[in-house]
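Going left to right, the sequence shown walks through residues 64 to 358 as the numbering used here numbers them.
Cβ coordinates follow ideal geometry from the N, Cα and C atoms, glycine included.
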Amino acid sequence: MPVRSGWGISTLPQCRTLPLAGSTPVCFFKMAGRQPRSPVFARWSDRLSDVGVTLICWAYFTLGFVVFFSHRYVFAYLFSRQRETAFQRLTSRFYQGFFRLLRCIAPRHHWRIDERIAGLSSSVIVCNHLSYLDPILLISLLERQKTIVKTKFFRVPIFGWLIRNAGYFPADGEGAFGGMMIDQVGRMNDYLAGGGNLFVFPEGTRSRDGAVGPLNRGALKIARLCRAPIYVLHLAGTEKLFTPGKFFFNTRLNNTISLTIVDRIDQEPGRELSLAELEHRIRQALVPGDFEPAR
64 MPVRSGWGIS
74 TLPQCRTLPL
84 AGSTPVCFFK
94 MAGRQPRSPV
104 FARWSDRLSD
114 VGVTLICWAY
124 FTLGFVVFFS
134 HRYVFAYLFS
144 RQRETAFQRL
154 TSRFYQGFFR
164 LLRCIAPRHH
174 WRIDERIAGL
184 SSSVIVCNHL
194 SYLDPILLIS
204 LLERQKTIVK
214 TKFFRVPIFG
224 WLIRNAGYFP
234 ADGEGAFGGM
244 MIDQVGRMND
254 YLAGGGNLFV
264 FPEGTRSRDG
274 AVGPLNRGAL
284 KIARLCRAPI
294 YVLHLAGTEK
304 LFTPGKFFFN
314 TRLNNTISLT
324 IVDRIDQEPG
334 RELSLAELEH
344 RIRQALVPGD
354 FEPAR
């Protein structure tokens, strides 16, 4: 029967009375199933889970970097003959470790990654943008990679040194970063011919509603000038794990994170697409819906 207590309403176990010879009736209790968690307890439990996962991730980015990777970067800087390539590979391995950890501590999020992506080389990769996780996910999948980074990050101690030596280039060429951008763009064809990849997010910023925003023609111009195959990737679900504007990871959702090749655009001599045609082709490939992997 239900009874009221200071914690709300609860249900006593059901009582079944059986008469025994020569004695008073005996009440046998039939234990009810486990009661659901109270909403308050569930809410705080979920929040603690989010906080715990976030703290573990930040510990990996700070202590994990110092203990396991900082000396490798210093060694590559001092002794590697191909410093840029060495930095790219180290960065890829660092983020591979991060995503292995994240999969373990946030098991409700499932990952569906197109296996062909890790094998891409000498390519320009274009992808939609939903979360801060997007660029580091691509870095983890591509051993050799360059991308366009917000100029302000080049001023961040240590991080700016890392991305500068990895060959990433700033989003704008104003001021002291103008020469860096011109140098990287000028060497891009040789870099791609040597097996490297350039990935860009032509929207330039994270989408808040999942819809594809306006495409930045500056990024598309670089992609078009490279004369390399352009792979269009569609990404979904990262914004639910690490939501724009939020500090904590969201570990409570049952969510699938997918990354799929949805188109390949070949830039053959004499058949190059105009900038407007390239923009239209990419936007068509990224329209939300049921995505058929490109063959």
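Residue i to residue j, Cα distance in whole Å?
i: S186; j: T314; result: 34 Å
i: S184; j: S155; result: 14 Å
i: S405; j: T301; result: Nothing in the structure corresponds to residue 405, since the chain is present only between 64 and 358.
i: V295; j: L141; result: 37 Å
i: L349; j: Y158; result: 25 Å
i: K309; j: P332; result: 46 Å
i: I345; j: L111; result: 41 Å
i: I211; j: N260; result: 12 Å
i: V189; j: R179; result: 15 Å
i: I119; j: F161; result: 10 Å
i: A181; j: L336; result: 26 Å
i: A139; j: S108; result: 43 Å
i: T125; j: G230; result: 22 Å
i: A339; j: F217; result: 31 Å
i: V129; j: W121; result: 12 Å
i: S143; j: H343; result: 42 Å
i: T117; j: F305; result: 10 Å
i: Q247; j: E147; result: 12 Å
i: L204; j: F131; result: 20 Å
i: D197; j: L298; result: 8 Å
i: K215; j: F262; result: 19 Å
i: M251; j: G258; result: 11 Å
So, is residue i buried or exposed, given that buried needs 16 or more other C-beta atoms within 10 angstroms?
i: F92; result: With a pLDDT of 47 at F92, under the threshold of 50, the modelled position of that residue is not reliable, and the figure given next carries that caveat. By the 10 Å Cβ count, F92 comes out exposed.
i: Q145; result: exposed
i: D253; result: exposed
i: G249; result: exposed
Might you give, ordered along the chain, the residues of its own chain that have their beta carbon closer than 8 Å to the beta carbon of residue i, omitting 5 neighbours on each side?
i: L225; result: Y136, F150 and T154
i: I245; result: G236
i: L341; result: L283, A286, R287, I293 and I328
i: A256; result: S185
i: V275; result: N191, E266, R346, L349, V350 and P351
i: R227; result: F217 and M243
i: V114; result: F311
i: Y123; result: G160, F161 and L164
Let me know the secondary structure DSSP gives residue i once reduced to three states.
i: L316; result: coil
i: N359; result: There is no way to answer for residue 359, as the model of the chain reaches only from 64 to 358.
i: H297; result: strand
i: K209; result: strand
i: S185; result: coil
i: P198; result: helix
i: H192; result: coil
i: V325; result: strand
i: R250; result: coil
i: F232; result: strand
i: I221; result: coil
i: R175; result: strand
i: E340; result: helix
i: V137; result: helix
i: I345; result: helix
i: S143; result: coil
i: K215; result: helix
i: Q151; result: helix
Among residues of its own chain, excluding the 5 on either side of residue i, which ones have a beta-carbon nearer than 7 Å to its beta-carbon?
i: I202; result: T154, S155, Y158 and Q208
i: M243; result: F232 and P233
i: K303; result: N313, L316 and N318
Near residue i, what residues of its chain come up, given a Cβ to Cβ distance below 6 Å and the 5 sequence neighbours on each side ignored?
i: K213; result: A234
i: R290; result: Q330
i: R152; result: E206
i: G127; result: none
For residue i, would you say it is in contact with chain C, using Cβ-to-Cβ distances shorter than 7 Å as the test?
i: K284; result: Absence of chain C from the displayed structure is noted, only one protein chain being present.
Validate contact between the segment 156-173 and the segment 236-253 using beta carbons, cut 8 Å, 3 pairs: No, because fewer than three Cβ pairs between the segment 156-173 and the segment 236-253 fall closer than 8 Å, the two stretches do not touch.
The segment 278-289 / the segment 172-179 touching (three or more Cβ pairs under 8 Å): Under the Cβ criterion (8 Å, minimum of three pairs), the segment 278-289 does not count as touching the segment 172-179.
Cβ pair count under 8 Å reaching 3, the segment 311-325 against the segment 218-232: Not touching, per the Cβ criterion.
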